[in-house]
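Protein chains in written order, with the numbering used here: chain A, 1 to 425; chain B, 426 to 850. Built from N, CA and C at the ideal position, the CB exists for glycine as well. Note that the structure is a prediction, hence the values are computed from the model and not measured. Let me begin by presenting the structure, written as structure tokens, before commenting on it.
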């Protein structure tokens with residue numbers, strides 16, 4: 001589409017065109033510096049480069065086309081909102097988490113200053129009219145995974161159409177029953193919005209689609225165990241980020257093609273960095289587009305990232321939904337079981353996560369773990385301390401980082417990460 | 426009891442005697458400055474002065490006597506843990522929230538620095554061996570009311586014997602069902618600990634005891650509508666603080682005696698301050714002993730506090746349990762109904778609180794509201810913004826304060842509160 005046609009589309013979405021132009025310019029430059037400057041990238045990353053270059057263009061146009069054809073667009077901020085239900089209701093599912101400071105001053109009128117950058121960002125993007133995804137949504141689905149989001153949705157819901165799912169805080173049978181009730185309530189909300197009843201047939205189909213996406217991402221994750229690392233952590237993170245808003249079938253196909261290329265590369269013992277480069281697992285809070293600061297710092301510090309233990313990473317990919325039940329209720333139960341396996345810090349206790357990090361570090365041959373918590377994210381800040389104790393006892397080095405979206409601490413982070421990587425020798 | 430006997434008791438409880446002596450000295454001085462210096466206090470406050478002067482003495486001795494007689498001591502941090510169940514199980518119920526900085530450095534090894542002062546305080550008191558209540562507990566019952574406490578209990582439970590109740594985040598029927606399941610699970614935990622089965626009879630009796638306590642505190646609250654204010658906010662806060670650890674029957678009797686005196690005073694149009702003194706409602710986070718900083722600042726700024734919209738105040742007192750059900754299950758349902766009415770910021774939405782604050786401000790003839798949030802308490806910081814919008818629309822002035830337990834900001838707070846009170850003219 002022409003620039004003028006895109007601008008017309010953004011105008012229709014009521015974006016602040018001049019601020020949005022500025023945002024795209026900064027984003028383009030940032031992407032060039034952090035992504036396009038990389039050596040030895042895989043051919044298959046061209047698809048991701050294209051998707052990102054069209055992040056507010058082609059994909060948004062697809063959403064408008066879908067809406068024109070009568071489909072609804074569902075926005076989410078969390079891996080607990082089942083994409084399977086959205087797809088079964090013949091709607092489009094997009095992640096709305098934002099990874100850049102925007103509209104912060106306006107956002108701080110709705111939520112306290114001491115709120116994490118991710119929350120302030122999605123509110124700021126809305127208030128500053130900078131996000132075509134948010135503006136395309138017919139319904140935004142929140143969840144009660146942390147105090148910050150839970151309370152922010154109350155203010156946010158004055159600005160967008162919202163439905164909030166309660167995610168319980170333990171994994172008892174009674175807590176699972178509550179989550180099932182919430183899944184059923186959400187299913188009814190989707191039916192009311194889309195007019196499409198979720199049935200055994202359409203849910204089976206959508207579960208398969210999302211399982212296939214997760215399997216492709218699992219395959220990618222497994223291949224990263226190779227030394228030399230066949231793909232950079234930045235690229236792998238980008239893939240996980242794009243998985244939240246791209247068309248799932250097309251995305252799965254692209255990732256499987258990319259994985260074929262990675263297998264060839266591994267066969268030839270080729271990589272993005274020399275064999276023996278220090279290998280890091282990054283663990284903790286989600287990194288939404290374009291929050292590439294810490295991965296860039298890590299991979300500019302004589303290290304390569306081999307895994308993301310994060311919502312935008314393993315937490316969204318590890319578990320599949322059982323496809324075998326042959327009743328709708330059985331399939332809903334399978335869905336609930338899968339989502340209640342997520343090792344989010346919102347649960348107490350969340351010992352699964354401790355062993356999952358350890359397992360990932362071992363399977364991916366990581367030399368150390370860098371824990372990443374967004375400032376004011378209490379659940380992950382608490383678990384950073386716990387995880388450090390667990391990993392220490394197992395002889396796995398860990399560095400704990402707390403930061404936000406500003407660029408002010410880049411040099412300080414680089415000093416700390418470099419010192420940590422040197423210590424791994 | 427003699428000083429030596431108390432010291433021996435504290436030694437038996439493994440307190441750090443020299444640090445504990447220092448704490449009592451500071452507390453005594455602080456109490457003298459903030460409480461005993463007040464003019465026109467009610468005779469009935471002598472009981473509270475006595476209870477507080479013996480806060481780590483006589484009441485702790487009573488706990489040891491109860492334990493020697495085979496009773497168990499249950500510690501809590503939250504108004505969601507039903508005292509009725511503790512008493513029905515023939516155990517002693519004590520609040521463990523702490524309102525002073527202690528052992529902060531040690532606490533910050535267990536929980537992040539960006540954790541609210543109340544949480545760091547109860548952990549610090551434990552690690553520094555300064556709290557005879559914590560040391561007397563056979564079981565400490567936590568709850569999932571905020572991210573900070575929920576995750577802190579994971580670390581804390583390595584140091585004390587804990588049981589955690591899940592409190593849901595909405596008030597749907599399914600959320601209430603989860604809370605009922607948690608109440609039943611807690612009931613079984615109490616039986617396992619105490620050997621006492623909770624029955625219709627003992628639960629009816631304990632519900633009456635706790636209802637009577639709440640009725641006495643409701644009576645006190647109502648009487649504070651009078652002008653001139655018959656009791657200071659500091660004294661009323663102290664009463665609410667003591668309600669969390671004193672013997673409930675004795676306490677109720679004392680408060681009713683005090684209320685008789687207040688009625689006489691009102692009859693004579695006497696008060697602790699001149700009629701027409703500006704009247705403030707304080708609203709927000711709990712103020713645990715000896716967190717008297719903000720009330721002292723407020724009442725040193727030409728104003729009097731007429732109500733505490735707080736867990737240590739209206740949130741613990743407003744609702745009674747229906748005593749009429751004649752089956753154990755019916756009584757448990759009544760208990761669940763009562764606790765699920767609490768207008769805690771842990772719920773989303775929590776619109777009840779907004780109207781409760783407005784109602785309190787009107788009924789108590791408050792000229793303005795001071796919202797108090799502990800730094801890093803996300804739920805109340807978010808609601809401060811919402812409440813300010815609601816009260817503004819109703820023409821009720823509100824000042825939003827965020828602070829912790831340090832004394833560094835006293836002068837700054839005083840400046841802000843004085844300016845707010847002046848503005849009320």
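Go ahead and pull the three-state DSSP assignment for residue i.
{"i": "residue 451/A", "result": "Examination of residue 451/A is not possible in this model, given that chain A is present from 1 through 425 alone."}
{"i": "residue 229/A", "result": "coil"}
{"i": "residue 342/A", "result": "coil"}
{"i": "residue 709/B", "result": "strand"}
{"i": "residue 35/A", "result": "helix"}
{"i": "residue 318/A", "result": "coil"}
{"i": "residue 481/B", "result": "coil"}
{"i": "residue 720/B", "result": "helix"}
{"i": "residue 330/A", "result": "helix"}
{"i": "residue 312/A", "result": "coil"}
{"i": "residue 689/B", "result": "helix"}
{"i": "residue 190/A", "result": "helix"}
{"i": "residue 42/A", "result": "coil"}
{"i": "residue 667/B", "result": "helix"}
{"i": "residue 601/B", "result": "helix"}
{"i": "residue 486/B", "result": "helix"}
{"i": "residue 777/B", "result": "helix"}
{"i": "residue 772/B", "result": "coil"}
{"i": "residue 300/A", "result": "coil"}
{"i": "residue 235/A", "result": "helix"}
{"i": "residue 337/A", "result": "helix"}
{"i": "residue 677/B", "result": "helix"}
{"i": "residue 682/B", "result": "helix"}
If the cut is a Cβ gap below 8 Å, which residues of chain B does residue i touch?
{"i": "residue 178/A", "result": "593, 599, 600, 602 and 603"}
{"i": "residue 153/A", "result": "773"}
{"i": "residue 110/A", "result": "810"}
Can you check whether the CB of residue j is closer than 9 Å to the CB of residue i?
{"i": "residue 334/A", "j": "residue 202/A", "result": "no"}
{"i": "residue 182/A", "j": "residue 774/B", "result": "no"}
{"i": "residue 558/B", "j": "residue 670/B", "result": "yes"}
{"i": "residue 75/A", "j": "residue 118/A", "result": "no"}
{"i": "residue 162/A", "j": "residue 148/A", "result": "no"}
{"i": "residue 395/A", "j": "residue 299/A", "result": "no"}
{"i": "residue 107/A", "j": "residue 27/A", "result": "no"}
{"i": "residue 764/B", "j": "residue 505/B", "result": "yes"}
{"i": "residue 317/A", "j": "residue 278/A", "result": "no"}
{"i": "residue 451/A", "j": "residue 51/A", "result": "Nothing about residue 451/A can be read from this structure; chain A reaches only from 1 to 425."}
{"i": "residue 216/A", "j": "residue 256/A", "result": "yes"}
{"i": "residue 705/B", "j": "residue 791/B", "result": "yes"}
{"i": "residue 561/B", "j": "residue 519/B", "result": "yes"}
State the start and end residues of the unbroken alpha helix (DSSP H) segment that holds residue i.
{"i": "residue 45/A", "result": "45–53"}
{"i": "residue 210/A", "result": "200–223"}
{"i": "residue 11/A", "result": "3–12"}
{"i": "residue 749/B", "result": "Segment: none, residue 749/B is in no alpha helix (DSSP H) and carries neither H nor E."}
Please list, in chain order, the chain A residues whose beta carbon lies closer than 8 Å to that of residue i.
{"i": "residue 844/B", "result": "Going along chain A, no residue has its Cβ under 8 Å from residue 844/B, so there is no contact; the nearest lies around 21 Å."}
Going by DSSP, what residue range makes up the beta strand (DSSP E) through residue i?
{"i": "residue 17/A", "result": "Unbroken run through residue 17/A is the alpha helix (DSSP H), 17–31; no beta strand (DSSP E)."}
{"i": "residue 303/A", "result": "303–309"}
Quick one: which chain B residues come within Cβ less than 7 Å of residue i?
{"i": "residue 181/A", "result": "599"}
{"i": "residue 144/A", "result": "594 and 773"}
{"i": "residue 371/A", "result": "Near residue 371/A there are no residues of chain B at all, since even the closest Cβ is about 12 Å away, more than 7 Å."}
Show which residues of chain B have a CB atom less than 9 Å away from the CB atom of residue i.
{"i": "residue 379/A", "result": "572, 575 and 576"}
{"i": "residue 376/A", "result": "539, 801 and 803"}
For residue i, return the contacting residues in chain A, with the cut-off set at a CB-CB distance below 9 Å.
{"i": "residue 674/B", "result": "Residues of chain A passing the Cβ test: none, with the nearest at roughly 34 Å."}
{"i": "residue 611/B", "result": "None at all; the shortest Cβ gap to chain A is about 12 Å."}
Strictly below 7 Å CB to CB, what residues from chain A border residue i?
{"i": "residue 589/B", "result": "348"}
{"i": "residue 481/B", "result": "Residues of chain A passing the Cβ test: none, with the nearest at roughly 30 Å."}
For this session: Tell me the start and end of each unbroken alpha helix (DSSP H) in the segment 786–849 of chain B that is at least 4 residues and wholly inside, in chain order.
Result: DSSP runs (the alpha helix (DSSP H)) wholly in the segment 786–849 of chain B: 803–818 and 835–848.
For this session: Identify every run of the alpha helix (DSSP H) within the segment 492–541 of chain B, keeping only runs that are complete inside it and at least 4 residues long; order them along the chain.
Result: Given a length threshold of 4 residues, each whole run of the alpha helix (DSSP H) inside the segment 492–541 of chain B is given here in chain order: 508–513 and 529–535.
Problem set entry | Complete beta strand (DSSP E) runs within the segment 546–597 of chain B (minimum length 3 residues, chain order) | 564–568 and 587–590, all fully within the segment 546–597 of chain B.
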